[in-house]
Amino acid sequence: MSAPASLGNAGPRSALLLALLVEATDKASQGIVVCDEDGTVLLRNAPARELVNARDGDLLADKAIEAALGRALTGSYHEETLDLYSPTRHTLEIRAFPLGGEGQPMGAVALVEDVSELRRLEAVRRDFVANLSHELKTPLGALSLLAETLDGEEDPDVVARLTARVGAEATRFSRIVDDLLDLSRIEAGGTGTLAPVALSAVLDEAVDGFYDQATSRGITLQVSPLSRGLWVTGNRRDLVSALANLVDNAIKYSEPGAAVAVGGERRANRACLWVRDQGIGIPRRDQERIFERFYRVDRARSRSTGGTGLGLAIVRHVAAYHGGDVTVESVEGEGSVFTLRIPATDQELPHG
Ligand code: ADP
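Residue numbers (this note's numbering): -11 to 340.
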């Protein structure tokens, strides 16, 4: 157990100490409410005062704090979680302690914390683990089924077909793991130091591997060369991987005969890279959610094209740690434009 707080050498300066302590509580992020043995509130710090500012839900919060203090005054620790739905949904955690001796307390303190964000993150993590288990179980299930079917199979044609499927499922599995590793590295803030990067080089490198893939799917890849003066401060490898993900999607979600255009320019103080397709488009209700890990509009289509559901999550994180963002404009059945916007480096570097 930690030692009780000490007043040090306050002596005659105790009035000053008291004033400073009261002010110090205003700097805490938690709400702090102290009452005497009758339950009369002696101190309410700034975050606690904000709570009581008479919005509907907060009146409930105030009542709960009062009740918690009442319980603590009977000599026992009290803890409760309060879900409020007005004015916005949020969750408060209230902990109340008796003060001045547990047998016959001379007062009580309630500590109030808004744990909404914490709870949201816990829920996101739970969902992620559940989704991840599901995503990994699918290729694993397929692999074990294929192994069973292969066992004892003698027809060489069937064996060749099943073996090819084993290879495809194994590739799928390792692609998910690779994307997860990339995502966790990028979520942790990327790797390496940020350095000046010419976006024209990012664009060239990102589209390079896609000409064959586009041609084999009957899609025309149109790349507009970028001004060599367009620079950002960033991680070249991650920027290439983000743009490549967008180009890959544009090709995957287009039908043969369509065109995919890639280009970029400076808009105000930002450097923009865009990928425009004439593909299947994205329904409005899904447009925000497609950046979530494993969210897909059409699960079957994503699977059949070898998608992992992690590409856009990677793009969003790359944009975010460069101080930028990624936006989408899309009309179902007509196509989509994804734009990666990164703060542009002001001075144009001579060796552009
Ligand atoms: P996936 O591996 O499934 O492609 P992404 O994270 O890259 O995962 O994309 C998430 C989902 O967003 C896709 O499953 C698809 O439904 C949708 N999507 C992404 N890009 C496009 C696009 N250019 N056109 C239509 N839908 C797209």
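Positions of the beta carbon are idealized from the N, C-alpha and C atoms, including for glycine.
Please determine, among the options, the residue with the shortest C-alpha to C-alpha distance to residue i.
i, options, result
"E90", "V190, C260 and E25", "E25"
"G348", "S318, G312, F326 and G321", "Residue 348 lies beyond the stretch modelled for the chain, which goes from -11 to 340, so this question has no answer here."
"D166", "L124, P144 and G180", "L124"
"Y283", "R1, T76 and H122", "H122"
"T203", "G222, K240, G180 and E175", "K240"
"A135", "A118, R153, N119 and P144", "R153"
"G294", "G129, S17, D14 and A158", "A158"
"V190", "S212, I207, Q201 and D200", "S212"
"I164", "R216, G311, L128 and A12", "L128"
"M94", "A60, A130, P331 and V314", "A60"
"D226", "G180, D196, Q92 and G88", "G180"
"F85", "V103, L261 and Y65", "Y65"
"H87", "G252, V22, G312 and V314", "Before going on, a small fix: residue 87 reads as Leu here, not His. Among G252, V22, G312 and V314, the Cα nearest to that of L87 is on V22."
"E193", "A232, G27 and L8", "A232"
"S292", "A307, C260, R173 and R160", "R160"
"T137", "P144, L150 and E110", "L150"
"W262", "Q275, V314, V285 and E105", "V314"
"V29", "Q18, E11, L47 and E54", "E54"
"R408", "A307, R289 and R273", "Because the chain spans -11 through 340 in this model, residue 408 falls outside it and cannot be assessed."
"V117", "E142, G140, D143 and L168", "L168"
"R83", "P75, R113 and E68", "E68"
"S132", "G155, L106, T76 and A148", "G155"
"R272", "D139, E320 and R107", "E320"
"R287", "R108, S104, T126 and R107", "T126"
Identify whether residue i lies in helix, strand or coil by the three-state DSSP scheme.
i, result
"G155", "helix"
"R264", "strand"
"Q201", "helix"
"T137", "helix"
"P184", "strand"
"H305", "helix"
"A42", "The predicted position of A42 is uncertain, since its pLDDT is 48 and thus under 50; no value can be drawn from it."
"L8", "helix"
"P213", "coil"
"V103", "coil"
"P75", "coil"
"E68", "strand"
"T293", "coil"
"M(-11)", "The predicted model places M(-11) with a pLDDT of 48, which falls under 50 and marks its position as unreliable; any figure quoted below should be read in that light. Coil."
"L191", "helix"
"P93", "coil"
"L218", "coil"
"T28", "coil"
"S318", "strand"
"A332", "strand"
"D14", "helix"
"G88", "coil"
"T395", "The structure shown does not extend to residue 395, since the chain is modelled only from -11 through 340, so no value can be given for it."
Taking residue i and residue j to be in contact with their CB atoms under 8 Å, please state how far apart those CB atoms are, rounded to whole angstroms.
i, j, result
"I302", "S229", "7 Å"
"Q210", "A249", "5 Å"
"L72", "A49", "6 Å"
"D115", "H78", "At roughly 19 Å, the Cβ-Cβ gap does not stay under 8 Å, so D115 and H78 are not in contact."
"P244", "G217", "In fact, because the Cβ distance is near 37 Å, the residues do not count as touching under 8 Å."
"G27", "G63", "Not quite, the Cβ-Cβ distance comes to about 14 Å (not below 8 Å), so this is no contact."
Residues in the same chain with beta-carbon distance under 6 Å from residue i, minus the five sequence neighbours each way, listed in chain order, please.
i, result
"R224", "V185"
"L70", "A52 and L80"
"A130", "E157"
"L277", "For the record, residue 277 in the displayed sequence is Arg; it is not Leu. Here the set comprises Y283."
"A42", "Low confidence applies to A42: its pLDDT is 48, below 50, so where it sits in the model is not reliable enough to give any reading."
"M(-11)", "In this prediction, M(-11) scores a pLDDT of 48, lower than 50, which makes its location untrustworthy; no coordinate-derived value is stated."
"E141", "V147"
Leaving out five residues on either side along the sequence, give the residues of the same chain with a beta carbon under 8 Å from the beta carbon of residue i.
i, result
"L171", "R281, L298, A301, I302 and H305"
"R255", "R329"
"S324", "A238, Y241, R264, D265, G267, G269, I270, V316, E317 and S318"
"E175", "H305"
"L182", "T221, G222, N223 and H310"
"T20", "Inspection of the sequence shows that residue 20 is occupied by Ile rather than by Thr. Cβ within range, chain order: T13, L31, R32, N33, P35, A36, V97, A98, L99 and V100."
"T208", "A202, A246, A247 and V248"
"R1", "none"
"F198", "L209, A232, V235, D236 and I239"
"Q275", "V316 and S318"
"E322", "Q266 and G269"
"P331", "V220, T221, N257, R258, A259, H310, G311 and G312"
"L120", "L168 and F282"
Please find out if some non-hydrogen atom of the ligand PLP comes closer than 7 Å to the beta-carbon of residue i.
i, result
"L298", "Within the structure as shown, the ligand PLP is missing, the only ligands being the ligand ADP."
By Cβ distance, which residues of its chain are closer than 7 Å to residue i, with the 5 residues on each side in sequence left out?
i, result
"V195", "L209, V211, V235 and V250"
"T333", "P184, W219, V220 and T221"
"S17", "P35"
Next on the checklist: Which runs of the alpha helix (DSSP H) at least 4 residues long sit entirely within the region 232 to 291? Give them in chain order.
Outcome noted: The region 232 to 291 contains no whole alpha helix (DSSP H) run of 4 or more residues.
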